[in-house]
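In this note's numbering, the protein residues as written are 123 to 686.
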């Protein structure tokens, strides 16, 4: 009996000590002493050797930061507000309701992803078209989008290539689909006497040239196609397969596209909306990415002469990026050196400036300048302000903001005699931007936040996750270490802002999962080209970015990251 009492006493003492240790350790862990370590992405050269986001020296002259914690009121009235009256208090939504809402959103995303892939497949090699062609939309009248655009098809096939999975039972079918696309690309690029050579923007679905009047050339096309096919070449190399049908001494499609960039990058061309001719930021960005990837592929394959040539042109092109920065208005100008096109489009604030970042951003991107991110986010900030007040559907208390192309847009999906609308693919792009930023930040040891970054991070579109950053802007950049609550609040805040834009997409998506080119600015319903391939592609790339950051945020011990 005495022995039993002794054992019970020892157990009580041991349990008390364990409970005391756990409670203290849990608190200290959340207060800054993380019991595990993260390492910054060693391949991410957009950050300096200390793991700090590189500062933008131009931004240090910015005026006092504006704290927009209520997107419905503060974006309309850009003045300093009493934050306590705008930010929801902790406990405004129970954890159970947050988890339920997240589960419902996750289920919808998974279902919509499957629908999107299925509808993309429907638009690849449709009945009656040449194999390997990708139509922008099946619509042949009002509007007529039944064409193979170089841009749209390259973005779509690149998404499919980047998500190749050797364990996928449909892998063989997907690889055959990609090879058909390559064959079609050879076919259309080998036509003699094309009006713009490889800069032709689109072709008929039977593989014949489209020779009617159009905005040509569009020099982002060869760059996007080479990005797509270099990614495929890299996949084949990883599988120990030959790539001489893609890259060779002479006549191969990747070589031809890269040579076109080298020879024509200084020339004026039409931008991605096909409305203005000039020197375009988006075009330069995707050309830089293509040359960066081409240089590496050429080196891997032993073509050092071409690698050297691509690198030389890349350095020359990179210097031109500063020309697009409007220091007075703190935005990236979408087009400079105007050379033709729609005369009314004089405002250079344009969503294509941040799409340029999305369509070139991966773990190996190395050509970005120190201020690529801050300049892009400053531009997005102004886009938020404009579109929040431009569309009626943005004044109805719905999540986040439905985003359009640019101020003064007149294309309504059918003609340019009316008013422009929000675009799903642009709204999805903002969500993807937030997810990618959240992931990028999560890989760093420190964050180096200048005034532009602070202003952007203080935007808050959500109210149910007990986060209120309220970062204070100052003349000196802010340094935030990863072992602090503030660091992870920043990472989570970016993610949850992305979730709000995703919820906005969900709100406007039809019950059957169909997504058109635009949403009506008043009703919010689909408008313009139905089942736009690019819209579904944008959904898929957004979903992939979301999944990646979720692996970081929702697989860590909850007592550390305090999720939700």
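Backbone N, C-alpha and C define an ideal beta-carbon position, used for all residues, glycine too.
Report all residues from its chain with a CB closer than 8 Å to the CB of residue i; omit the five preceding and five following residues, and keep chain order.
i, result
"residue 336", "323, 324 and 396"
"residue 280", "346, 349, 350 and 353"
"residue 145", "For residue 145, the predicted model reports a pLDDT of 41, less than 50, meaning its position is unreliable; a value from the coordinates is still stated below. Cβ within range, chain order: n/a, list empty."
"residue 293", "286 and 287"
"residue 532", "466, 538, 539, 540, 541 and 542"
"residue 306", "252, 253, 254, 255, 270 and 329"
"residue 227", "621, 624, 625 and 628"
Could you tell me the boundaries of the beta strand (DSSP E) in which residue i lies?
i, result
"residue 460", "457–463"
"residue 570", "568–571"
"residue 256", "Counting along the chain, residue 256 falls outside any beta strand (DSSP E), and DSSP gives it neither H nor E."
"residue 601", "600–603"
Enumerate in chain order the residues of its own chain whose CB-to-CB distance from residue i is below 6 Å, with the five nearest sequence positions on each side excluded.
i, result
"residue 339", "318, 321 and 391"
"residue 671", "557, 560, 561 and 617"
"residue 620", "553, 556 and 557"
Are the beta-carbon atoms of residue i and residue j separated by less than 8 Å?
i, j, result
"residue 526", "residue 649", "no"
"residue 654", "residue 251", "no"
"residue 352", "residue 422", "no"
"residue 636", "residue 651", "no"
"residue 283", "residue 354", "yes"
"residue 489", "residue 414", "yes"
"residue 369", "residue 377", "yes"
"residue 515", "residue 329", "no"
"residue 691", "residue 342", "A question about residue 691 goes unanswered here, because the residues of the chain that appear run from 123 up to 686."
"residue 551", "residue 476", "yes"
"residue 383", "residue 420", "no"
"residue 474", "residue 404", "yes"
"residue 303", "residue 373", "no"
"residue 572", "residue 496", "yes"
"residue 499", "residue 578", "yes"
"residue 406", "residue 455", "no"
"residue 703", "residue 511", "Not covered by the structure: residue 703. The range shown for the chain is 123 to 686."
"residue 658", "residue 238", "yes"
"residue 622", "residue 521", "yes"
"residue 220", "residue 586", "yes"
"residue 483", "residue 435", "no"
"residue 589", "residue 625", "no"
"residue 569", "residue 580", "no"
Would you grab the beta carbon distance between residue i and residue j for me? Rounded to a whole angstrom, and I think it's under 8 Å.
i, j, result
"residue 432", "residue 409", "Not quite, the Cβ-Cβ distance comes to about 11 Å (not below 8 Å), so this is no contact."
"residue 448", "residue 469", "Not a contact, Cβ separation roughly 11 Å."
"residue 612", "residue 627", "Not quite, the Cβ-Cβ distance comes to about 24 Å (not below 8 Å), so this is no contact."
"residue 235", "residue 662", "6 Å"
"residue 509", "residue 458", "In fact, because the Cβ distance is near 23 Å, the residues do not count as touching under 8 Å."
"residue 242", "residue 278", "6 Å"
"residue 564", "residue 674", "5 Å"
"residue 308", "residue 375", "6 Å"
Using a Cβ-Cβ cut-off of 7 Å (strictly less than) and excluding sequence neighbours within five positions of residue i, which residues of its own chain qualify?
i, result
"residue 463", "337, 392, 397, 398 and 399"
"residue 265", "535, 536, 650 and 651"
"residue 543", "526, 534, 535, 640, 641, 642, 643 and 649"
"residue 149", "Bear in mind that a pLDDT of 29 at residue 149, under 50, signals an unreliable position, so the number given afterwards is only what the model happens to contain. Closer than 7 Å at the Cβ level, and outside the excluded window around residue 149, lies no residue."
"residue 135", "Caution is warranted here: a pLDDT of 42 is assigned to residue 135, below 50, making its placement in the model unreliable, and no coordinate value can be reported."
"residue 139", "At residue 139, the pLDDT of 39 sits below 50, so the modelled position is not reliable and the matter cannot be decided from this model."
"residue 299", "246"
"residue 666", "285"
"residue 429", "417, 420 and 421"
"residue 480", "551, 554 and 555"
"residue 549", "524, 525, 623, 626 and 627"
Which residues bound the alpha helix (DSSP H) around residue i?
i, result
"residue 515", "Segment: none, residue 515 is in no alpha helix (DSSP H) and carries neither H nor E."
"residue 629", "607–630"
"residue 262", "Element bounds for residue 262: n/a, residue is neither H nor E."
"residue 546", "546–564"
"residue 581", "First-last for residue 581: undefined, no H or E at that position."
"residue 309", "293–311"
"residue 634", "Element bounds for residue 634: n/a, residue is neither H nor E."
"residue 437", "426–440"
"residue 475", "474–480"
"residue 675", "655–675"
"residue 280", "272–284"
Review point. Which ranges would you report for the beta strand (DSSP E) in the segment 350–423 if only whole runs of at least 3 residues count?
Key: Along the length of the segment 350–423, whole beta strand (DSSP E) runs at least 3 residues long occupy 398–402, reported in chain order.
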